[in-house]
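Oh and the sequence shown: position 107 is 184 in my numbering, straight run, nothing missing.
Before any comments, here is the structure.
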Amino acid sequence: MRLLLIDDEPLIGVFIRRVAETSGFEVQITTEPNAFKAACTAFDPDVISLDLSMPDCDGIELLRYLAEIGCRAQILIASGFDHKVLESARDLGEARGLAMAGVISKPICLAELHALLESVREASRRD
78 MRLLLIDDEP LIGVFIRRVA ETSGFEVQIT TEPNAFKAAC TAFDPDVISL DLSMPDCDGI
138 ELLRYLAEIG CRAQILIASG FDHKVLESAR DLGEARGLAM AGVISKPICL AELHALLESV
198 REASRRD
């Protein structure tokens with residue numbers, strides 16, 4: 078499975094990549110929106126992890142973009158925002174027809190991230 082990640086914090090990207098790779102994911106990291114949009118097509122991810130707050134754009138804009146292109150990947154929101162904000166973003170994604178895998182708060186808990194990635198893998202095996 079392929080996971081595409083966009084986060085402006087390089088250490089977060091490295092952390093998520095390492096956890097995902099131990100779960101069997103091939104991972105591509107991007108830090109800016111144009112590279113992310115190009116990778117959505119070229120990398121053809123099964124899972125997308127996105128941050129809601131970045132200097133060049135926000136995750137809500139990216140959720141809208143993903144809905145516009147008919148993205149079928151499962152989407153994970155990882156952000157330092159309040160949990161209510163994360164849930165609202167997830168609800169927005171679902172309302173736009175996106176497959177929202179879940180939300181995870183920063184700082185990210187290793188066990189929580191691993192469990193979420195494993196549930197995504199299990200869901201894809203059933204499909």
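Where a beta carbon is used, it is the ideal one built from N, C-alpha and C, also for glycine.
For the stretch 91-99 and the stretch 114-123, state whether three or more C-beta atom pairs, one from each stretch, are separated by less than 8 Å. No, the stretch 91-99 is not in contact with the stretch 114-123.
Pairs of beta-carbons, one from the stretch 118-136 and one from the stretch 145-156, closer than 8 Å: are there three or more? yes
Tell me where the beta strand (DSSP E) around isoleucine 146 begins and ends. Neither: isoleucine 146 is in no beta strand (DSSP E) and is coded neither H nor E.
Quiz item: DSSP three-state call for glycine 179: helix, strand or coil?
Solution: Note: glycine 179 maps to strand in three-state DSSP.
query: Since arginine 95 is in the alpha helix (DSSP H), which residue starts that stretch and which ends it?
result: 87-99
Contacting residues, own chain, Cβ-Cβ under 6 Å from glutamate 109 (five flanking each side not counted): Asp133
Using DSSP's beta-bridge definition, name the partner residues of aspartate 123. None; aspartate 123 has no bridge partner.
*asked:* In this structure, how does DSSP classify aspartate 135 when only helix, strand and coil are distinguished?
replied: strand
Report task. Return the residue from the list Arg79, Leu175, Ala97, Pro122 that minimises the CA-CA distance to leucine 190. Result -> Ala97
*Under the three-state reduction of DSSP, which class applies to arginine 173: helix, strand or coil?*
coil
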